Amino acid sequence: MKKFYVPFMVFTVLATLAIPLTASADNDREQSNRLVLNLVGEAPMYERMVPDIDGDGNEDPAICFDATLINGKNRQRIGTATDCLSNITPVGTGLGITATTFFHLPQGNLIVRGGTSVQPVVLPTVTPGGHLITHITGAASTGNPIIEGTKRFQRTTGNVRLSGMVDMTHFAGKVGDPIFFDCLFIVDLD
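If you're matching positions, the sequence shown starts at 946 in this note's numbering and goes up one per residue.
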C-alpha cells in the first residue's frame, strides 16, 4: 500500500500545482494577443490616399491625423498612429465615418478599418489631462477589421473596439485644422 500511496500523493500534488500554471499560461497568451492602444494628442489634418474602401481596387481619399500611441496597459509611449477618415456622412446631430487607422508599433504595422459613430457630447466632458471634449466616438468590429499587417501582424485576424473622445473646436475641415484625440482601441488578435 505504501508503494502506491507515495507516488499517488506526489502525482496529486503536482497535478494540483499544474492547474493554476496552465490557467496562468493561457491568461498570459490571451493578454499578449490583446493590445490596448491609446491614440492621443492634437494633430493637424492632411489629405492622403488609403487602401481601397469601395471595392474598385483603387486607393480612396481620406483626411488624416498623426498622433502619439500609448500602451494602455502601462501608459508608456510605444509608437505612432495615423487616423484617416473617409465617407464622412451627417447622421442626425452626429457623423458616420469610415475610419482607417494605421498603428506603427515596434512589433510591426497594423492597419484596421471600421464604421465609426461620432456624436456631440451632451454633458461637459474633460479628459483627465484637462482637455475639453466636444465629441464622443465609438466603433465595434463585425468580422475581421484588420486589412493589413507587417512583421508580427502579418496575416493576422481579430477584432477591434474603439471608445474615443475628440475636441473639434478648431476643426473647420481645412488642411492644417487640428483635432485633439484621446481614443482607446482594444485590439484582440486571433
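Ideal Cβ positions, reconstructed from N, Cα and C, are used throughout, including at glycine. Remember, it's a predicted structure, so these values are computed and weren't measured experimentally.
Cβ neighbour criterion (16 or more within 10 Å) applied to residue i
{"i": "VAL1071", "result": "exposed"}
{"i": "VAL955", "result": "Legend: pLDDT at VAL955 = 38, less than 50; position of this residue unreliable, value from coordinates given subsequently. Result: exposed."}
{"i": "ASP1127", "result": "buried"}
{"i": "PRO1035", "result": "exposed"}
{"i": "PRO1073", "result": "exposed"}
Inter-residue CB distance, residue i and residue j (contact presumed, cutoff 8 Å)
{"i": "LEU1040", "j": "VAL1066", "result": "No, LEU1040 and VAL1066 are not in contact; Cβ-Cβ is about 14 Å, not under 8 Å."}
{"i": "LEU1055", "j": "LEU1014", "result": "11 Å between Cβ atoms; not a contact."}
{"i": "VAL1132", "j": "LEU980", "result": "4 Å"}
{"i": "ASP1112", "j": "ILE1078", "result": "6 Å"}
{"i": "ILE1124", "j": "ALA988", "result": "7 Å"}
{"i": "GLY1053", "j": "THR1095", "result": "4 Å"}
C-alpha distance - residue i paired with residue j, whole-angstrom precision
{"i": "ASN1032", "j": "GLY1059", "result": "11 Å"}
{"i": "PRO1006", "j": "GLY1118", "result": "14 Å"}
{"i": "PRO1051", "j": "GLN1021", "result": "13 Å"}
{"i": "ILE998", "j": "THR1045", "result": "9 Å"}
{"i": "ARG993", "j": "LEU1134", "result": "27 Å"}
{"i": "GLU1004", "j": "THR1087", "result": "22 Å"}
{"i": "GLY1109", "j": "LEU1129", "result": "6 Å"}
{"i": "THR1101", "j": "SER977", "result": "14 Å"}
{"i": "ARG1097", "j": "ASN1016", "result": "17 Å"}
{"i": "PHE1048", "j": "VAL1057", "result": "8 Å"}
9 Å Cβ cutoff, residue i in contact with chain B
{"i": "ILE998", "result": "Looking for chain B here will not work: only one protein chain is present."}
Cβ shell of residue i (< 6 Å), same chain only, five flanking positions each side left out
{"i": "THR1061", "result": "ILE1042, ALA1044, THR1082, ALA1084"}
Chain-order list of residues whose beta-carbon lies under 7 Å from that of residue i (same chain, five-residue window excluded)
{"i": "GLY1121", "result": "PRO989, MET990"}
{"i": "LYS1018", "result": "VAL981"}
{"i": "GLY1103", "result": "ASN1089, ILE1091, VAL1132, ASP1133, LEU1134, ASP1135"}
Worksheet item: Which ranges does the beta strand (DSSP E) cover as unbroken runs of at least 3 residues, wholly within the stretch 1008-1079, from first to last along the chain?
Response: If we require 3 residues or more, the beta strand (DSSP E) runs fully inside the stretch 1008-1079 come out as 1022-1036, 1039-1050, 1053-1071.
Worksheet item: What beta strand (DSSP E) runs, 3 residues minimum, are completely inside the stretch 1076-1103?
Response: Every beta strand (DSSP E) stretch that sits fully inside the stretch 1076-1103 and reaches 3 residues is listed by chain position as 1077-1085, 1091-1094.
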